[in-house]
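Heads up: the sequence shown begins at 1 in UniProt numbering, then just goes up one per residue. Note that beta-carbon positions come from the ideal geometry of N, C-alpha and C, so glycine has one too. Inspection log for the structure reproduced underneath, given as structure tokens.
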Amino acid sequence: MERHVMRVETFGGLAVWLDDQPLVRHGERINKNLELLALLAINGRAPLSNEALAGLLWTGEESHNPAGALKNAAYSLRRLLEQRGAGRELITVEDKQYRLAGDLVLEVDLWRAGQLAEQAVNQPDPARALEAWQELDGICCGDFLPQLADRPWVAGQASLVRDGWLAAARRAAALLLDGPERTGARQALAVCAEALLIFPDDMSLQIIRFAAMQRLNMKAAVRSQYPLLAEMLMERQGQAPPARLRAIHQWATEGESRGREEMLRIRQKLANHEKNAPPGPYFCEYDQLPMLYAMARRQAARTGQTTVLLLVSAESQPGSAAAGPDQELRFLLSQTLRRGDVCCRYGHDQYLALLMLADPAHTDAVEHRLRAGWKPVNGRLELMFDFGGPLPQITGE
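Rendered as structure tokens:
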């Protein structure tokens with residue numbers, strides 16, 4: 001008896017071939033009959049009961065008679081298969097259970113992707129693990145059944161696929177970076193760039209990405225990308241990049257010529273701020289603060305002033321419905337501190353301020369102005385002054 005081969009692709013859209021003849025083409029609209037075909041194919045030769053299929057294909061709001069709707073979808077699928085040159089016997093029903101024909105040879109890309117993801121993560125031989133990753137990445141080109149992304153069974157399977165693909169991408173990038181050749185670092189960079197399109201918050205990938213840039217001596221790229229990553233982390237998680245990334249950024253920014261360039265850029269920016277800005281402090285990124293702090297301490301030594309670091313923190317009131325005191329803190333500093341002072345965000349609901357005072361006792365006046373302008377409804381305000389000490393390091397491993 002002749003055995004038919006059915007090949008099913010699910011990534012980037014549903015496509016089905018029977019003996020190399022297309023039954024369903026990429027981009028074709030997926031109605032319930034084709035969704036039924038996708039479910040049966042993914043399930044393999046194991047039967048699915050009427051109740052299981054009806055529960056997967058319809059919610060209670062979509063159909064008041066799921067059993068009847070399933071019977072109609074199966075009839076429509078058989079007719080479609082017959083119209084496209086396949087036999088109706090490809091779909092069998094026995095004891096109120098549906099499945100594909102027992103003599104059908106099934107090739108489903110989802111099954112192969114699962115096997116390759118497992119090999120890419122757990123294969124001890126790096127060469128074979130990378131081969132598995134390359135094949136996996138070629139298969140997983142596009143989302144899993146994107147036309148059905150709103151279906152609960154598709155969303156659950158898509159999440160499993162993404163998790164497996166991410167684990168494989170991490171392992172592949174790490175293996176490529178560990179190789180002796182620069183080519184491996186370039187390939188690791190490419191893997192990370194692709195994976196970070198979907199998982200921008202994944203710190204394992206970000207660390208490998210920046211390590212690859214360091215391996216390739218791409219200092220300009222590190223200096224360009226690090227502030228974007230730091231801003232994203234601060235906005236989404238309220239924390240700074242981990243220590244490994246900060247060390248790579250320090251490597252990229254070290255050097256006398258870079259220091260002079262950064263100093264001139266900051267001085268120009270400060271000059272423009274002094275010229276055009278309204279009264280109030282200058283807000284900068286934390287990465288700029290060490291340079292500004294060094295400049296301020298040298299100026300203080302020449303002029304007899306005192307350099308003061310002020311850590312301003314706010315703690316939200318328990319049960320408060322407010323979004324958080326971070327914006328209120330920034331507004332308070334902008335209205336209270338003077339032109340020439342410098343502020344930067346230090347952590348979640350925290351700011352560092354760099355002050356130049358003629359007399360250390362003037363901190364009492366600064367504290368009085370800050371507390372007078374703070375609304376208790378925004379939480380408890382905490383102030384910590386430090387006179388000329390080392391610049392505190394952002395935490396957040």
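Does DSSP classify residue i as helix, strand or coil?
{"i": "Gln335", "result": "helix"}
{"i": "Met218", "result": "coil"}
{"i": "Gly347", "result": "strand"}
{"i": "Gln97", "result": "strand"}
{"i": "Ile30", "result": "coil"}
{"i": "Phe210", "result": "helix"}
{"i": "Asp364", "result": "helix"}
{"i": "Ala73", "result": "helix"}
{"i": "Thr183", "result": "helix"}
{"i": "Trp17", "result": "strand"}
{"i": "Leu145", "result": "coil"}
{"i": "Pro22", "result": "strand"}
{"i": "Ala46", "result": "coil"}
{"i": "Cys284", "result": "strand"}
{"i": "Asp150", "result": "coil"}
{"i": "Asp201", "result": "coil"}
{"i": "Ala353", "result": "strand"}
{"i": "Asp359", "result": "coil"}
{"i": "Glu254", "result": "coil"}
{"i": "Thr10", "result": "coil"}
{"i": "Arg380", "result": "strand"}
{"i": "Glu315", "result": "strand"}
{"i": "Thr303", "result": "helix"}
What distance in whole Å lies between the Cβ atoms of residue j and residue i, which are believed to be in contact at a cut-off of 8 Å?
{"i": "Leu175", "j": "Leu130", "result": "6 Å"}
{"i": "Leu70", "j": "Leu53", "result": "6 Å"}
{"i": "Leu166", "j": "Ala195", "result": "7 Å"}
{"i": "Phe210", "j": "Leu245", "result": "6 Å"}
{"i": "Gly280", "j": "Gly347", "result": "Going by Cβ atoms, the distance from Gly280 to Gly347 rounds to 22 Å, so no, they are not a contact pair."}
{"i": "Thr253", "j": "Arg298", "result": "Their Cβ separation, rounded to whole angstroms, is 19 Å, which puts Thr253 and Arg298 out of contact at 8 Å."}
{"i": "Pro242", "j": "Met218", "result": "Their Cβ separation, rounded to whole angstroms, is 19 Å, which puts Pro242 and Met218 out of contact at 8 Å."}
Are the beta-carbon atoms of residue i and residue j separated by less than 7 Å?
{"i": "Ala168", "j": "Leu136", "result": "yes"}
{"i": "Cys140", "j": "Ala113", "result": "yes"}
{"i": "Gln147", "j": "Ile30", "result": "yes"}
{"i": "Asp359", "j": "Pro325", "result": "no"}
{"i": "Leu56", "j": "Leu100", "result": "no"}
{"i": "Ala185", "j": "Leu229", "result": "no"}
{"i": "Val5", "j": "Val105", "result": "yes"}
{"i": "Asp109", "j": "Glu28", "result": "no"}
{"i": "Asp364", "j": "Leu355", "result": "no"}
{"i": "Asp285", "j": "Gly379", "result": "According to the sequence provided, residue 285 is Glu. The question's Asp does not apply to it. Cβ distance not < 7 Å, so Glu285 and Gly379 don't count as in contact."}
{"i": "Ala127", "j": "Gln119", "result": "no"}
{"i": "Val312", "j": "Tyr351", "result": "yes"}
{"i": "Leu37", "j": "Ala73", "result": "no"}
{"i": "Gly164", "j": "Ala117", "result": "yes"}
{"i": "Leu289", "j": "Ala353", "result": "no"}
{"i": "Val161", "j": "Ala173", "result": "no"}
Buried or exposed: which applies to residue i, given that a residue is buried once 16 or more other Cβ atoms fall within 10 Å of its Cβ?
{"i": "Ala3", "result": "Reading off the sequence shown, one finds Arg at residue 3, where the question assumed Ala. Under this definition Arg3 is an exposed residue."}
{"i": "Thr307", "result": "buried"}
{"i": "Gln206", "result": "buried"}
{"i": "Pro180", "result": "exposed"}
{"i": "Tyr75", "result": "exposed"}
{"i": "Cys344", "result": "buried"}
{"i": "Leu197", "result": "exposed"}
{"i": "Gly13", "result": "buried"}
{"i": "Leu90", "result": "buried"}
{"i": "Met213", "result": "buried"}
{"i": "Val384", "result": "Here the sequence assigns Met to residue 384, which means Val is not the residue at that position. With fewer than 16 other Cβ atoms within 10 Å, it is exposed."}
{"i": "Pro124", "result": "exposed"}
{"i": "Phe11", "result": "buried"}
{"i": "Arg170", "result": "buried"}
{"i": "Ala321", "result": "Confidence is the limiting factor: at Ala321 the pLDDT is only 48, short of 50, which leaves the residue's position unreliable and the question unanswerable from this model."}
{"i": "Glu82", "result": "exposed"}
{"i": "Asp287", "result": "buried"}
{"i": "His26", "result": "exposed"}
{"i": "Pro152", "result": "exposed"}
{"i": "Ala220", "result": "exposed"}
{"i": "Leu370", "result": "buried"}
{"i": "Glu382", "result": "exposed"}
{"i": "Ala361", "result": "exposed"}
{"i": "Glu231", "result": "exposed"}
{"i": "Ala155", "result": "exposed"}
Return no unless some Cβ of chain D is closer than 7 Å to the Cβ of residue i.
{"i": "Thr307", "result": "The displayed structure is made up of one protein chain only, and chain D is not part of it."}
Next on the checklist: Restricting to runs no shorter than 4 residues, where is the alpha helix (DSSP H) found entirely within the stretch 84 to 139?
Outcome noted: 109 to 122 and 126 to 139
Item to check | Contiguous alpha helix (DSSP H) assignments of at least 4 residues, all confined to the stretch 219 to 252 | outcome: 219 to 237
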